[in-house]
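Under the working numbering, the residues of the sequence shown are numbered 9 to 429, in order.
Step one of this worksheet: look at the structure below.
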Amino acid sequence: MITELISVGTEILLGNIVNTNSAYLSEMCARLGMDLYYQTVVGDNEERMKHTVKMALERSDTIILTGGLGPTQDDLTKEVVAQVLGMELVEDAHTHRRIEEYMENYARNNPNRKITDNNWKQAMVPKGAIVLDNANGTAPGLILEKNGKTAILLPGPPNELKPMFEEQVYPYLRKKQPDIFYSQLVKICNIGESQIAAEIQDLIENQTNPTIAPYAKTGEVHLRITARAKDEKEGKKLVKPLVRELKIRFGKNIYATDERKTLEEAVVDLLKDQKLKLSLVESCTGGALAARIVNVPGASEVFGTGFVTYSNKAKRKLVMVKKMTLKTVGAVSEKCAREMAKGGCAASGADVCLSVTGIAGPDGGTKEKPVGTVFMGCCYQGRVRVREFHFSGNRAKIREQSVVYALAFLRDCITGNDEES
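What follows is the structure in structure tokens.
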């Protein structure tokens, strides 16, 4: 089933809002096994919308339009699609009643909000359309079928679109689509995209069903394995051998095979499993590493103390970095990172302590220690490991990379996937 997404709204073209609906619907179409070939954004202009819809219907079996279903004059999606398909607009009594009920309930908390004549515009639907109830707004969704083509119209607000799609559109499309796509994500840290690509080249060259595709993120590479199958059970069966092969090739560098699990969640889970208490000593990251950890629900079970030692004075006072260390080799050094980690463990009483110190820029770099130089120390089981990194990019990017690589380093130290000392 060749599918096309059309996002309606001048505000999207102007960059006033981020088009998250498109990403969401793309993922849903992939799960359904639909062949999504095109995505288009068109402004609130009747002629351009007509041209876009006509072109989409010529090359696609199903078109999904989002936005432009509101009560105002520039909300034209329903009118344009109905005109292109040659369908008459008629009032839908069920939708009329739902709008009344919704506005009455809304007015209880917003007494100044009343039903106006333009609200009834939303009760007008193409004759013969499947009307999709909107539990979170006044604009109904619509499914129009004509001449072997299907047009699905959805409201623009994500809190209205997502439940409508999942509860009403997804089951409708599932019946029309014989196959689905089942996918699983394998998440890897510590190995670059080019190295991973080289190590899975044979798998990519010989792939049929399932397929494998790498996606690079800051400090991580995700491998998506996707199978076309008649149902989820068959999809899992097809994907399983390839996931097993990737685990053999990348071992402990795989931190998750769960789509939703983040690196920080993997670290917190590991700390919980090992019954370890964590402390952090941050300099150039300025608390960003601690923020990632505490974003994980239940982090309080394993994380109790975080030091932001941005100045040399704080490093000396809070985590006992030696004055001579700062004087001779400086705050951005292997020795300082080591003392920060060891001092953080002693000061907090934690089982494991990770330290980060570096030059985020744009100033402060030297020939010997350019901007992007970062040292990390990890004190665990009486041993302190230190790694040196050299990142590129602006200040924000260097700090972001530092946080991700620090999480990976911490995980390595606890799992024993680290050979440095």
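All C-beta atoms, glycine included, are put in the ideal place defined by N, C-alpha and C.
6 Å Cβ shell around residue i - same chain, five flanking residues per side excluded
i, result
"L65", "K157"
"G76", "V16, D83, L84, T85"
"E19", "I25"
"E96", "K135"
"Y46", "E12"
"T146", "I107, Y110, Q130"
"V247", "Q192, P218, I233, A235"
"A298", "L288, G314"
"A416", "C197, N198"
Contacts around residue i, its chain only, beta-carbon distance under 7 Å, and the 5 residues preceding and following it disregarded
i, result
"V329", "K323, C344, E347, M348, G351"
"T313", "S287, S356, A358"
"D187", "G41, R236, A237, K238"
"E99", "A131, M132"
"K285", "V310, G312, A358, D359"
"V50", "I14, V16, R56, M57, T60"
"V302", "F311"
Start-to-end residues for the alpha helix (DSSP H) that takes in residue i
i, result
"D277", "271 to 282"
"F258", "240 to 258"
"Y180", "178 to 184"
"A143", "Per DSSP, A143 belongs to no alpha helix (DSSP H) and is neither H nor E."
"A101", "101 to 117"
"I208", "I208 -> no alpha helix (DSSP H), and no H or E assigned at all."
"M172", "166 to 172"
Endpoints, beta strand (DSSP E) assigned at residue i
i, result
"G380", "Unbroken run through G380: none, as it is neither H nor E."
"Q47", "43 to 50"
"C361", "360 to 366"
"Y318", "First-last for Y318: undefined, no H or E at that position."
"V329", "Here V329 belongs to no beta strand (DSSP E), and DSSP marks it neither H nor E."
"V194", "188 to 197"
"L288", "286 to 290"
"P79", "Per DSSP, P79 belongs to no beta strand (DSSP E) and is neither H nor E."
"I123", "Looking at the DSSP string, I123 is not in any beta strand (DSSP E), and its letter there is neither H nor E."
"E153", "149 to 154"
Cβ-Cβ distance between residue i and residue j below 9 Å
i, j, result
"E396", "T381", "yes"
"L231", "L193", "yes"
"M57", "V88", "yes"
"I160", "Q130", "no"
"V394", "E309", "no"
"R39", "Y190", "yes"
"T226", "E35", "no"
"L33", "T70", "no"
"V275", "G306", "no"
"K269", "I262", "no"
"I204", "P179", "no"
"I208", "V177", "no"
"R419", "L271", "yes"
"G164", "N53", "no"
"E242", "C197", "no"
"I406", "G369", "yes"
"N127", "P79", "yes"
Where residue i sits in the DSSP three-state scheme
i, result
"F399", "coil"
"A38", "helix"
"P305", "coil"
"S228", "The amino acid at residue 228 is misidentified as Ser; the sequence shows Glu. It is a strand residue."
"R268", "coil"
"G372", "coil"
"M348", "helix"
"M63", "helix"
"I72", "strand"
"E19", "helix"
"M132", "strand"
"A159", "strand"
"V310", "coil"
"E12", "strand"
"I233", "strand"
"T28", "helix"
"A339", "coil"
"T216", "coil"
"S429", "For S429, the predicted structure reports a pLDDT of 38, less than 50, and the residue's modelled location is therefore unreliable. The matter cannot be settled from this model."
Whole-Å CB distance - residue i paired with residue j, under 8 Å assumed
i, j, result
"I367", "V340", "6 Å"
"T423", "V364", "Not a contact, Cβ separation roughly 19 Å."
"P171", "T103", "Incorrect: roughly 17 Å between the Cβ atoms, too far for contact."
"V327", "T317", "6 Å"
"V392", "G401", "Contact flag wrong, Cβ pair sits at about 28 Å."
"I199", "F258", "7 Å"
"I72", "D43", "Incorrect: roughly 13 Å between the Cβ atoms, too far for contact."
8 Å Cβ shell around residue i - same chain, five flanking residues per side excluded
i, result
"V251", "Q192, V194, I233, T265"
"L22", "none"
"V92", "K58, V61, K62, L65"
"E428", "Confidence at E428 is low in this model, with a pLDDT of 43, below 50, so the placement of that residue should be treated as unreliable; the coordinate-derived value is given next. The residues are R393, V394, R395."
Residue i beta carbon near the ligand GDP (any heavy atom closer than 8 Å)
i, result
"T313", "In the structure on display, the ligand GDP does not appear, and there are no ligands present to speak of."
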